[in-house]
Every structure is written in structure tokens, then in C-alpha cells.
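The working numbering numbers the first residue of the sequence shown as 17 and each following residue consecutively.
Backbone N, C-alpha and C fix where the C-beta goes; we use that ideal spot for every residue, glycine too.
Shown next, in C-alpha cells, is the structure this report addresses.
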Amino acid sequence: AVDLGAHPEFLGPNDIQLGKKESISDTAKVLGSMFDGIEFRGFKQSDVEILAKDSGRPVWNGLTDVWHPTQMLADFMTIKEHFGHLQDLTLAYVGDGRNNVANSLLVTGAILGVNITIISPESLQPALEIQKLARKYAMKSRSKISIRTDLNGLENCLGQYGWGS
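Here's what the structure looks like:
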């Protein structure tokens with residue numbers, strides 16, 4: 017970013033007390049007056065949504081408890097570099113299907129036309145609302161979404177992320 021003329025500033029937990037002494041909304045307004053854009057890597061999805069609503073600036077979700085879109089950018093760019101395309105590939109995720117990476121993989125893959133299979137025990141499968149959102153995008157891109165408990169019939173890519181992210 018510096019090479020391109022930007023002036024990034026890192027504000028970690030010891031630098032800013034997000035939502036502790038001042039509301040997240042007030043902090044968003046201050047950050048919006050100081051910066052041209054904000055990347056939030058925190059925990060609560062609601063926090064990044066408040067920052068986006070109240071800062072008046074573009075806000076990038078670097079990671080929350082629900083989504084991890086920046087991981088998807090890296091993953092899908094790497095997959096495209098390797099295969100030369102994304103459409104019609106099948107990517108399988110093995111792990112806790114309720115976490116931010118699984119959620120993001122389902123929805124991003126569906127948007128990009130990648131077939132996504134989530135493999136996890138029934139008790140760890142993605143929330144129905146996330147599955148519904150992914151299936152909506154999959155209908156548009158003609159990709160396939162599969163949620164299951166077995167490893168049979170996998171092809172192309174297999175990804176495993178931590179069980180306790």
C-alpha cells in the first residue's frame with residue numbers, strides 16, 4: 017500500500033478500545049474523519065456493519081465471527097492461478113461448517129460458479145440461512161452446493177481449516 021502512495025495505519029486492541037469507552041458508532045465517525053477507508057479485522061459482524069454504516073467511508077471486512085471474505089479472495093485467486101479458471105471446479109471443505117471460513121466459502125464459491133461441498137458432522141453443518149443464501153447465488157451461477165457428512169466422490173480441491181477458529 018505504501019508503494020502505491022497510501023498511508024496505512026494499524027490500530028490494534030492496545031491502541032483503540034472499540035466499543036468500550038465510546039460507542040462503535042462514535043468511533044466509526046472519528047475514524048471516518050481521519051481515514052479514506054477502513055479494514056476491520058475483529059470479531060462481531062455487527063461491529064463491522066456499524067463501522068460501514070456510520071464512518072462514511074468504505075469498510076473492508078478482514079474477518080468477523082460470521083464472514084472471512086479476505087481469506088476467500090486469497091483462496092480463490094490461488095485456485096484460479098493453479099487451474100486457470102474457477103467455473104465448474106469442485107472445492108470441498110472439511111471441518112466445522114458453522115464458522116466464518118465455511119460461510120464465506122459457500123457464498124463466495126456460489127457467486128463465482130464454483131461447486132462447493134461442506135463436509136462435517138450434522139451438528140457442525142452451516143446455518144440454514146447461510147445455506148439458503150449460497151443456494152440463491154448458486155442458482156444464478158449454476159454452481160452446485162452440497163452439505164454432507166462423507167468424503168465420497170470428491171474432486172479438484174480439498175481444503176481443511178481449523179476446527180476451532
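Check	Outcome
Residue 119 - containing alpha helix (DSSP H), residue span	116 to 128
Residue 146 and residue 110 closer than 8 angstroms at C-beta	no
Limits of the unbroken beta strand (DSSP E) element including residue 108	106 to 110
Check whether residue 114 and residue 140 have beta carbons under 8 angstroms apart	yes
Neighbourhood of residue 170 by C-beta, 6 angstroms cutoff - its chain only, sequence neighbours within 5 removed	108
Coil, strand or helix - residue 75 by DSSP	strand
Nearest residue (CA-CA) to residue 75, options 21, 87, 52, 93	52
Beta-carbon gap between residue 151 and residue 129 smaller than 8 angstroms	no
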